[in-house]
Amino acid sequence: MSNEEPRASVPEVVAGLNETLSRTGRVRAVGTFVIGLAGAVFVAALWWTEPGPLPVLTQVTFGLLMVFCLTWAGYGTWLLRTRVALFATDRVVAAWIGLAASALTGTMLVILAVQRGSGTWGPIIVAAAFMAVAITLVVRAHTHRTALLRRERTLNGKQES
Amino acid sequence: MTDELLVVRAQLGSRSALEDLVTRWQRPVWLYVRRMLDSERADDVAQEAWIAVVRALPRLREPDRFAPWLFTIVRRAVLNRLRDQYADRHDLVGGPDRGAFDRPDDAVPDAVDELVDRAEMIDRLAGLPVLEREVLVLHYLEDLSVQDCAQVCGVPSGTVKSRLNRARRLLREHVEGEVS
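Right, here's the structure in full:
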């Protein structure tokens, strides 16, 4: 046993990590989460701002659409937490995508509410809450990346000296 | 380049830094896994462990503590595979004499017993219970301190010391049995 060596070479081990490290996988995970969540919010807004009482079948349809979107959002969360690696730079990009999606969804919510005359405060509060969370994520992602870059500079300095 | 610098660069998203980390640690990781499992499963489990390491790397808060963190994850992969193998936990922890394992013992010598050299010890490791084998591998073959072994195994330092003592005693008995 003492003279054994791993059968897999380093390039083979690295190749086995390709799926976890693939850019497509990361984009898909972030996209699935963002689109699923934005879709759920948008469907909820449509449902909420519908004028008058809705037929049961329409309510069921809205409910199913909500479940569908939330399922995708949940799947995206699972991918992000367990299947892909989001490094500091990825987190910054993902946070900006989240901010853009929040801004777009919030704007559409408010426009929809204004067009339907169903009261604008609710959508404005929801949009503001989404924007606040998205901005927090952007700030945190940038802070984390800046801290790592600072640490890298310090370690490089130590190595050179 | 230090491990810490490589980890920081990898956390920033540098693929080459990550590959350098894998290059540097692939053999130690594989050797640890191989000492704990048979050769059929060692490569698979080592690869699973690397996937888990890469997924968790962005969340590593102390890049200067990479080695114990790495072996914590590798150990988890090994234990998951061992759980699949042993239906009952009693088998996993290695026999009926478990009470002796958790007794702290501060009287730990600095080096492994002179009776066995490193290569012979490696060959005899397969005969040891899992918990004793893993602390021997981590401490003597991977050069982790007792404190780092404790972090990897999720037990107090005293427990690591008692496992080391017991492992050395078992090794000594193996050797004496062969000599006599």
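Protein chains in written order, with this note's numbering: chain A, 257 to 417; chain B, 125 to 304.
Beta carbons: idealized from backbone N, C-alpha and C, even for Gly.
Predicted model, so just to flag it, every value in this text is computed and none were measured.
In this structure, the beta-carbon distance from T361 (chain A) to V297 (chain A) falls below 8 Å. In the DSSP annotation of this structure, the continuous segment of the alpha helix (DSSP H) that includes H400 (chain A) starts and ends at W377 to E416.
Comparing C-alpha distances from L268 (chain B) to each of B:R292, B:T196 and B:R293 shows the shortest one belongs to B:T196. Here G278 (chain B) is exposed, its C-beta having fewer than 16 other C-beta atoms within 10 Å. When the beta-carbon positions are compared, A300 (chain A) and L368 (chain A) stay at least 8 Å from each other.
Annotation: Cβ neighbours of G272 (chain A) in chain B (cutoff 8 Å, chain order): Q171, W174 and I175. For the pair A359 (chain A) and M322 (chain A), the CB atoms are not nearer than the 8 Å cut-off.
The beta carbon of F324 (chain A) is closer than 6 Å to none in its chain, skipping five residues each way along the sequence.
The criterion of a C-beta distance shorter than 8 Å is not satisfied by E256 (chain B) and M160 (chain B). R401 (chain A) is positioned such that its CB atom lies no closer than 8 Å to that of A351 (chain A).
The contact set of W154 (chain B) on chain A, defined by CB atoms closer than 7 Å, consists of P262 in chain order. For E408 (chain A), the chain B residues whose Cβ falls inside 8 Å of its Cβ are L129, V132, R133 and L136, in order along the chain.
Chain B places no beta carbon closer than 8 Å to that of R279 (chain A), leaving this residue out of the contacts. Here the alpha carbon of T363 (chain A) sits roughly 14 Å from the alpha carbon of R372 (chain A). Just so you know, the alpha carbons of P253 (chain B) and V169 (chain B) end up roughly 19 Å apart.
Closer than 8 Å to the CB of R401 (chain A) there is at least one CB belonging to chain B.
CA-CA distance, L336 (chain A) to V286 (chain A), rounds to 7 Å. A Cβ of chain B is located within less than 8 Å of the beta carbon of Q415 (chain A).
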